[in-house]
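In what follows, a structure is listed as structure tokens, so that the remarks can point back to it.
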Amino acid sequence: MSDPGWANGSPGQDPVRGTQPARRWRRWGIVGLVLCLVVAGYVVFRVTQQGPSTGHHDVAAASPQPSAAGSPSTAGHQRTKGKAGKKSGKLRAGTGTRPGSGTRSGVLNGVLFGGDMPLAKVTSQLGRPLAILRTYYYLGQTFPTPANARMMAGGTTMLVSLDTPAGGPTYASIAAGRQDRPILAFLTAVQQDAVRYKLGAIYFCFEHEADDPTQHGGLGTPAQFIAAWDHIHALAEAHQMDWQQGGRIHWVMILTHQAYASGGAASFFPGLNEVDVIAADGYNKGGCQIAREAGHLHFHNGVGTPLTPGSIFNPLLRFAAGMGGLPVFIAEWGSVPYASPTVRPQFISQMESYVAANHEIAAALYWDSNLTPCYYQVNGSPQSLAALTTMAKSALMQGWPTSN
10 MSDPGWANGS
20 PGQDPVRGTQ
30 PARRWRRWGI
40 VGLVLCLVVA
50 GYVVFRVTQQ
60 GPSTGHHDVA
70 AASPQPSAAG
80 SPSTAGHQRT
90 KGKAGKKSGK
100 LRAGTGTRPG
110 SGTRSGVLNG
120 VLFGGDMPLA
130 KVTSQLGRPL
140 AILRTYYYLG
150 QTFPTPANAR
160 MMAGGTTMLV
170 SLDTPAGGPT
180 YASIAAGRQD
190 RPILAFLTAV
200 QQDAVRYKLG
210 AIYFCFEHEA
220 DDPTQHGGLG
230 TPAQFIAAWD
240 HIHALAEAHQ
250 MDWQQGGRIH
260 WVMILTHQAY
270 ASGGAASFFP
280 GLNEVDVIAA
290 DGYNKGGCQI
300 AREAGHLHFH
310 NGVGTPLTPG
320 SIFNPLLRFA
330 AGMGGLPVFI
340 AEWGSVPYAS
350 PTVRPQFISQ
360 MESYVAANHE
370 IAAALYWDSN
380 LTPCYYQVNG
390 SPQSLAALTT
400 MAKSALMQGW
410 PTSN
């Protein structure tokens with residue numbers, strides 16, 4: 010590019026070579042000095058920006074990236090286990106008082122106290138709103154329902170399941186991209202509502218309790234489930250909805266508690282790149298499931314020795330620890346009543362102590378519903394509701410999702 014001064018006959022111009030030799034060399038010396046300073050500044054900038062590596066960023070850096078906008082790639086799938094998982098998975102950094110606060114768990118200042126919609130209807134008796142609502146959708150349904158929208162408008166975040174309806178589509182169909190339109194529409198609505206209602210974190214699970222063949226039989230193998238999860242995760246990344254990209258969606262794998270106890274959970278785990286929270290559903294059933302399978306015969310109260318929260322959820326905690334110390338959600342929990350009116354309230358109190366003793370637990374959601382003859386609802390039980398109210402009002406359970 011010509012110097013405009015030359016064209017205007019500036020002083021010092023050489024009619025053949027341009028600028029006079031002495032001034033030319035002086036000028037280039039200054040330019041060289043400026044270039045050196047720029048390069049040196051850039052090197053310092055890069056070093057200070059990278060900073061010391063942390064476990065959390067080591068995990069995040071391995072996340073698969075979309076190959077092109079709207080064209081997700083699943084090539085980055087990785088399962089980090091054993092020593093490598095523990096070494097790269099120190100996920101306790103954050104500004105809150107619980108592990109993962111403001112990062113993978115998206116939780117600040119304690120544990121999220123939550124439950125399902127029936128529990129949300131008795132928050133006046135609990136003396137507080139729910140921090141997180143457990144809600145369920147089938148592929149093809151629209152998010153949110155009016156009730157969910159009202160909850161989010163009040164500051165409650167969602168733990169959202171998107172399941173396939175009975176009979177399919179199969180995991181293979183989802184992994185092949187044949188369900189992208191409804192899935193993308195659903196994820197977009199979840200992301201947009203999190204922004205609309207100023208929820209810094211909202212939680213998504215594909216096919217909760219995928220290990221339960223009575224609910225998900227015929228959809229595909231565990232490997233095909235992982236392939237479908239991979240594809241959905243990559244679809245969200247391709248549209249910048251993942252929390253690590255500035256989006257709001259955190260990914261929660263929810264299985265039955267038996268999957269962790271039996272060792273079957275590992276076959277469903279999509280990998281550290283694609284799961285932010287490990288979760289389980291588990292109950293003190295008191296024999297109601299046996300009665301249900303036998304045709305609901307004469308079951309009114311729990312029988313036998315009641316379970317403890319530890320006997321139900323310890324395998325879940327061990328699994329999460331083996332995956333680098335991932336945060337844990339108790340996604341559904343509850344107890345049937347017993348002939349002794351003290352048993353269920355005692356179980357609820359034990360759960361409060363259990364959450365307090367295990368810092369990896371970032372949310373606990375009571376399932377205040379019934380599946381005949383399994384009656385978990387505490388609404389008509391003053392003692393059980395009082396125990397749950399005590400838990401809900403405890404200092405520990407005052408966590409809230411990151412707010413934006």
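Under my numbering, the first residue of the sequence shown carries the number 10, and numbering increases by one thereafter.
Where a beta carbon is used, it is the ideal one built from N, C-alpha and C, also for glycine.
| Check | Outcome |
| --- | --- |
| The stretch 352-359 in contact with the stretch 296-303 per 3-pair CB rule at 8 Å | no |
| Pick from D251, P346 and A194 that is closest to Y384, judged by C-alpha positions | P346 |
| For F122, three-class secondary structure by DSSP | strand |
| Three or more C-beta pairs below 8 Å linking the stretch 265-277 and the stretch 218-235 | yes |
| Nearest residue (CA-CA) to I235, options Q249, M262, I258 and A247 | M262 |
| Member of P127, H242, S114 and E218 whose CA lies at the smallest distance from the CA of T197 | H242 |
| Neighbour-count burial assignment, N388, 16 or more Cβ in a 10 Å radius | exposed |
| Nearest neighbour of L128, chosen from N367, D172 and Y375 [CA to CA] | Y375 |
| L264 beta carbon less than 8 Å from that of I466 | The structure shown does not extend to residue 466, since the chain is modelled only from 10 through 413, so no value can be given for it. |
| For L168 and Y212, believed in contact at Cβ under 8 Å, the rounded distance | 4 Å |
| Sub-8 Å separation of L405 and G124 beta-carbons | no |
| Secondary structure of F234, DSSP reduced to three states | helix |
| Three-way DSSP call (helix, strand, coil) for R187 in this model | coil |
| Beta bridge counterpart(s) of C383 as assigned by DSSP | L380 |
| Given 8 Å, three or more beta-carbon pairs between the stretch 310-321 and the stretch 333-345 | yes |
| DSSP-derived helix/strand/coil call for Y347 | strand |
| P382, buried or exposed, once every other Cβ within 10 Å from all chains shown has been counted against 16 | buried |
| Residue from D221, A288, Y180 and W260 with nearest C-alpha to V337 | A288 |
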